[in-house]
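Chains as they are written, first to last, in this note's numbering: chain A, 1 to 450; chain B, 451 to 900.
Shown next, in structure tokens, is the structure this report addresses.
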């Protein structure tokens, strides 16, 4: 197959579709319209922006002219993370730039480039008149900011999404270069803010230091009460539903090719790996829940010195969840633990922003197996089944609401710098991904709808 | 004595001598010139503005015609804090306005009004030909913005300030209305930043959570390692030089009239007072060192959600010091403790911004005792000796550089709104302050220089 022209990808990457920042709503919409145009170009019908006040548009398109054949849902997201810190980017985040075999831009790997793999594969088969399956695209613009619109839509319009056989998702990565990978498990998430209040107003540390509660120091105490230096989450009830990986999974993970020193030194640039003692790395990353502090805000942080005892402080935090932790129950545990951890003179409160349940897919599923064969074929190596430590809420949503298995074909690479400066995509994988998805779809000729 | 005319005070208060804002440098200079003129009017000689590029002027004046008598240094500052938030002022900050028995204006209590008490008292005695001591005035214009000029001058011109017996400072407050107060102790300070680094760059919590060091969570651990929920500073060696208050001080502090509930509820608005268990409030505020977090910066704190594992985090912190903690030695203890508290995978570093040593004055010092007698006489109540939890760097400077005891006569009140909107001065205290300082100076007739 001829290599794919990069024009559409460049055009998509130039739009700063940052869904979490309200001032970029116009760009998000512009990006949705470009996706709609690409879907039309791929032969899709009924293409439309699904709109709802206060939400970013979903983009829908379908092609249903393969009677008797399976119907697949193609999912991806066109929104991206904020690019800051800007000064750490080598080239500007929204000016896609090729250096070596990589294309650098915010969103190129998460998820615009991988989404385009799906669109281009379908486009090629449609253009050739050989698309062997029915197709529905549902592309969202809120994956990086909670995804409420997709959730609401899936729940409100079961008819439009009825009769599906599997979901195909390109939003994961290969375990290693040249190692085709299908992800069969994802962590869930509980994301929110911890707010701490002390006195009515900021106070002068010379006058009140020794008697006044300090909201920032109290916040530090709450954060270390939730998780200490041993990296063990100390919330009562939090681990009750955690299901350990199977012996088979542990054995397979142990055989994955992996250079832990290179991971620590080259990829992360950390002096030591951290985590719960005695638990192997992949189990910590994929099958254990975590607690992370994403940001802290409070007091005076300008140039110079101000001797304020802050009355208020806030931390953005998240918990990653693993099967079978249920977000609702976990949120209750968190609320109680945060409230209880506030030291004397302060009040602490957990304010929920969003949740996603953890999810898992049976690697013996026939669509998963067919995708694995196509990837093995194109990459010339046996496809491995891994999990991901991240959360792709749509996978849990489709599984819970539509009983739909998700086939997560990974074409990103571990050093793509997702959510970080200098996000990039290895361009040979973009081309091979299109070939692999095309072959996978072609291999479904003999599949029947359920 | 006839009441003092308020004309000079009003004129001083109309000049917005905001030292920390460069655009007010002209006003600061204008104010210095008015101080010089007032000093000349009080009979001072050799009056001059001491200038230095990039600094606000010091104002100097002297009268040295009492051979054999003591020589006193009078200190005050003519610069003021910025007045914002402006919309919270009832009358404009630089239009002095009398309401009831208070005069409202920025700087009226801190420190123009109290400084004028000293000038007017000397003026009266000089006019009457009865000034019994030698006098040097050294008035600064940078007290609210670092005070470097004064420090530099005192160190560079020891000869001009030689032969002094005591410093007289009016920049503190009465413990309560009608309770004459002399401050005999101030806490010192070590102010700086704690910087924590983890991985080379920010990482995605879905991908690396469970293996990557989190700089913000590490910072929380460092802050709680320095001081835990028991409010005890855990730095090795930190308390070695702490000298407890004398039994006499403790007993006197226990007799101070004080409504702890009103302090907690009305003044601070806190649910509980905090601090080291078993140590009385005034001892915690005046005689115990503290650790406060003034600000924390790190990670993502915008609207919405970003699942970043921050690579860097920073806290602005200070330690208040008490006699006989020596800032240099304390800084070393802090540096080591911060470095040692960094959890695995992170590095933590303390970066010093500035220090001031603690200072104390022996309440049995004859000048302090003479001032106390004069204040008792004028206010009709026994003068109390308190300390302050804040830092007045000039007191430590004069003590360390010139071995000079400071007599801190307090005429401000706790609700004068220093550094806040509606700063005010209780006018009866302005008049009584002038009488008290006059009587104090008259009582020194029998004192000899050292």
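Where is the CB? At the ideal position from N, CA and C, for every residue including glycine.
In this text, all values refer to a predicted model and were calculated from it rather than measured experimentally.
Fill in: Inter-residue Cα distance where the pair is residue 495 of chain B and residue 811 of chain B
By 1-based counting over the second chain, the position of residue 495 of chain B is 45. By 1-based counting over the second chain, the position of residue 811 of chain B is 361. For residue 495 of chain B and residue 811 of chain B, the distance between alpha carbons rounds to 30 Å.
Worksheet item: For residue 742 of chain B and chain C, any beta-carbon pair shorter than 8 Å?
Response: Absence of chain C from the displayed structure is noted, the protein chains being A and B.
Discussion item. With the cut-off set at 8 Å, would you say residue 604 of chain B and residue 456 of chain B are in Cβ contact?
Written reply: By one-based count along the second chain, residue 604 of chain B stands at place 154. By one-based count along the second chain, residue 456 of chain B stands at place 6. Note that the C-beta distance between residue 604 of chain B and residue 456 of chain B is not below 8 Å.
Worksheet item: Skipping 5 residues on each side, what residues in its chain have a beta carbon closer than 7 Å to that of residue 177 of chain A?
Response: Taking the first chain and counting its residues from 1, the one referred to as residue 177 of chain A is at position 177. If the five residues before and after residue 177 of chain A are omitted, its C-beta is found closer than 7 Å to the C-beta atoms of 413, all from its own chain and listed in chain order.
Discussion item. Could you check whether residue 354 of chain A and residue 100 of chain A sit closer than 8 Å to each other, using their CB atoms as the reference points?
Written reply: As a first step, residue 100 of chain A is located in the first chain; it is residue number 100 there, counting from the start. As a first step, residue 354 of chain A is located in the first chain; it is residue number 354 there, counting from the start. Taking 8 Å as the Cβ cut-off, residue 100 of chain A and residue 354 of chain A do not qualify as a contacting pair.
Worksheet item: Between the C-alpha atoms of residue 682 of chain B and residue 344 of chain A, what's the straight-line distance to the nearest angstrom?
Response: Position 232 of the second chain holds residue 682 of chain B. Position 344 of the first chain holds residue 344 of chain A. Between residue 682 of chain B and residue 344 of chain A, the C-alpha separation is close to 14 Å.
Worksheet entry | Reference residue 688 of chain B; option with closest CA among B:859, B:487, B:767, B:781 | Numbered from its first residue, the second chain carries residue 688 of chain B at position 238. Among B:859, B:487, B:767, B:781, the Cα nearest to that of residue 688 of chain B belongs to B:781.
Worksheet item: Mind checking if residue 112 of chain A is an interface residue toward chain B, Cβ cutoff 8 Å exclusive?
Response: Position 112 of the first chain, counted from the first residue, corresponds to residue 112 of chain A. Residue 112 of chain A does not count as touching chain B.
Worksheet item: Between which two residues does the alpha helix (DSSP H) carrying residue 221 of chain A extend?
Response: To locate residue 221 of chain A, count along the first chain from 1; it is residue 221. DSSP places residue 221 of chain A inside the alpha helix (DSSP H), whose first and last residues are 215–226.
Practice prompt. Starting from residue 90 of chain A, find everything on chain B with Cβ-Cβ shorter than 9 Å and list it in chain order.
Written response: By 1-based counting over the first chain, the position of residue 90 of chain A is 90. Those within 9 Å of residue 90 of chain A in chain B number zero; the least Cβ separation is about 12 Å.
Worksheet item: Per DSSP, which one or two residues make a beta bridge with residue 407 of chain A?
Response: Counting from 1 along the first chain, the entry for residue 407 of chain A is found at position 407. BP columns for residue 407 of chain A point to A:168.
Worksheet item: Is any beta-carbon of chain A found at less than 8 Å from that of residue 901 of chain B?
Response: Here chain B covers residues 451 to 900 and nothing more, so residue 901 of chain B does not appear.
Worksheet item: Cβ atoms of residue 280 of chain A and residue 326 of chain A: under 8 Å apart, would you say?
Response: Looking up residue 326 of chain A in the first chain gives position 326. Looking up residue 280 of chain A in the first chain gives position 280. No, the Cβ-Cβ distance between residue 326 of chain A and residue 280 of chain A is not below 8 Å.
Worksheet entry | N-terminal and C-terminal residue of the beta strand (DSSP E) that residue 295 of chain A is part of | Translated into positions along the first chain, residue 295 of chain A becomes position 295. Note, residue 295 of chain A: beta strand (DSSP E), 290–299.
Practice prompt. Enumerate, from N- to C-terminal direction, the unbroken beta strand (DSSP E) stretches of 3 or more residues contained entirely within the stretch 674–721 of chain B.
Written response: Listed in chain order, nothing qualifies, since the stretch 674–721 of chain B has no complete beta strand (DSSP E) run of 3 or more residues.
Fill in: Given 8 Å, three or more beta-carbon pairs between the stretch 218–229 of chain A and the stretch 184–198 of chain A
The stretch 218–229 of chain A, when compared against the stretch 184–198 of chain A, does touch it at the 8 Å Cβ threshold.
Fill in: residue 85 of chain A burial status per 10 Å Cβ neighbour count (16 or more: buried)
Counting from 1 along the first chain, the entry for residue 85 of chain A is found at position 85. By the 10 Å Cβ count, residue 85 of chain A comes out exposed.
Worksheet item: Is there at least one Cβ from chain B nearer than 8 Å to residue 300 of chain A's Cβ?
Response: Start at 1 with the first residue of the first chain, and residue 300 of chain A comes out as number 300. Output row for residue 300 of chain A: interface = yes.
Worksheet item: Mind checking whether residue 118 of chain A and residue 384 of chain A have CB atoms under 8 Å apart?
Response: Stepping through the first chain from its first residue, residue 118 of chain A is reached at position 118. Stepping through the first chain from its first residue, residue 384 of chain A is reached at position 384. Their beta carbons are not under 8 Å apart, which means residue 118 of chain A does not touch residue 384 of chain A by this criterion.
Worksheet entry | residue 656 of chain B vs residue 391 of chain A beta-carbon contact at 8 Å | Against the second chain, residue 656 of chain B aligns to sequence position 206. Against the first chain, residue 391 of chain A aligns to sequence position 391. Result yes, Cβ atoms of residue 656 of chain B and residue 391 of chain A sit closer than 8 Å.
Worksheet item: Quick one: is residue 693 of chain B near chain A, going by C-beta distance under 8 Å?
Response: Position 243 of the second chain holds residue 693 of chain B. No, residue 693 of chain B does not count as interfacial toward chain A.
Discussion item. Taking the alpha-carbon of residue 684 of chain B as reference, which of B:458, B:783, B:636 has the nearest alpha-carbon?
Written reply: Here residue 684 of chain B is taken as the residue at index 234 of the second chain, counted from 1. Answer by Cα proximity: B:783.
Worksheet item: Residues of chain A with CB under 8 Å from residue 652 of chain B, in chain order?
Response: Here the question's residue 652 of chain B lines up with position 202 in the second chain. Those within 8 Å of residue 652 of chain B in chain A are 85, 419, 420, 421.
Practice prompt. Locate the beta strand (DSSP E) running through residue 800 of chain B, then write down its first and last residues.
Written response: Indexing the second chain from 1 puts residue 800 of chain B at position 350. Residue range 797–806 is occupied by the beta strand (DSSP E) that includes residue 800 of chain B.
Worksheet item: Closest Cβ-Cβ distance between residue 17 of chain A and chain B: below 8 Å?
Response: Along the first chain, read from residue 1 onward, the residue named residue 17 of chain A stands at position 17. It does not: the Cβ of residue 17 of chain A has no partner Cβ on chain B nearer than 8 Å.
Worksheet item: Applying the criterion that 16 or more other CB atoms from any shown protein chain within 10 Å of the CB defines a buried residue, is residue 906 of chain B buried or exposed?
Response: One cannot answer for residue 906 of chain B here, as it falls past the ends of chain B, which runs 451 to 900.
Practice prompt. Count the other CB atoms, across all protein chains shown, that sit within 10 Å of the CB of residue 738 of chain B; report buried if there are 16 or more and exposed otherwise.
Written response: In the second chain, counting from the first residue as 1, residue 738 of chain B sits at position 288. Residue 738 of chain B should be labelled buried.
Worksheet item: Using a Cβ-Cβ distance under 8 Å, would residue 457 of chain A count as near chain B?
Response: Because chain A here runs from 1 to 450, residue 457 of chain A falls outside it and cannot be looked at.
Practice prompt. Select from B:459, B:600, B:884, B:634 the residue whose C-alpha is nearest the C-alpha of residue 695 of chain B.
Written response: Locating residue 695 of chain B in the second chain gives position 245, counting from the first residue. Closest in C-alpha terms to residue 695 of chain B, from the list B:459, B:600, B:884, B:634, comes B:634.
Item to complete: Flag this pair as touching only if the stretch 767–775 of chain B and the stretch 706–725 of chain B have three or more C-beta atom pairs under 8 Å; answer yes or no.
Response: Touching, no.
Fill in: residue 208 of chain A, DSSP secondary structure in three states
Within the first chain, residue 208 of chain A is the residue found at index 208, counting from 1. The answer is helix: DSSP assigns residue 208 of chain A an H, G or I state.
Discussion item. If you reduce the DSSP assignment to three classes, tell me which class residue 757 of chain B lands in.
Written reply: To locate residue 757 of chain B, count along the second chain from 1; it is residue 307. Coil.
Worksheet item: At a Cβ cut of 7 Å, what residues of the stretch 342–368 of chain A count as close to chain B, listed as they run along the chain?
Response: The residues in question are 343, 344, 345, 353, 354.
Practice prompt. Compile a chain-ordered list of the residues in the stretch 841–857 of chain B whose CB is closer than 8 Å to at least one CB of chain A.
Written response: Only 841 from the stretch 841–857 of chain B bring a Cβ to less than 8 Å from some Cβ of chain A.
Discussion item. Pairs of beta-carbons, one from the stretch 461–469 of chain B and one from the stretch 532–547 of chain B, closer than 8 Å: are there three or more?
Written reply: Output reads yes: the stretch 532–547 of chain B touches the stretch 461–469 of chain B.
Worksheet item: Are three or more beta carbon pairs between the stretch 436–446 of chain A and the stretch 472–490 of chain B nearer than 8 Å?
Response: Between the stretch 436–446 of chain A and the stretch 472–490 of chain B there are fewer than three inter-stretch CB-CB distances shorter than 8 Å, so the stretches are not counted as touching.
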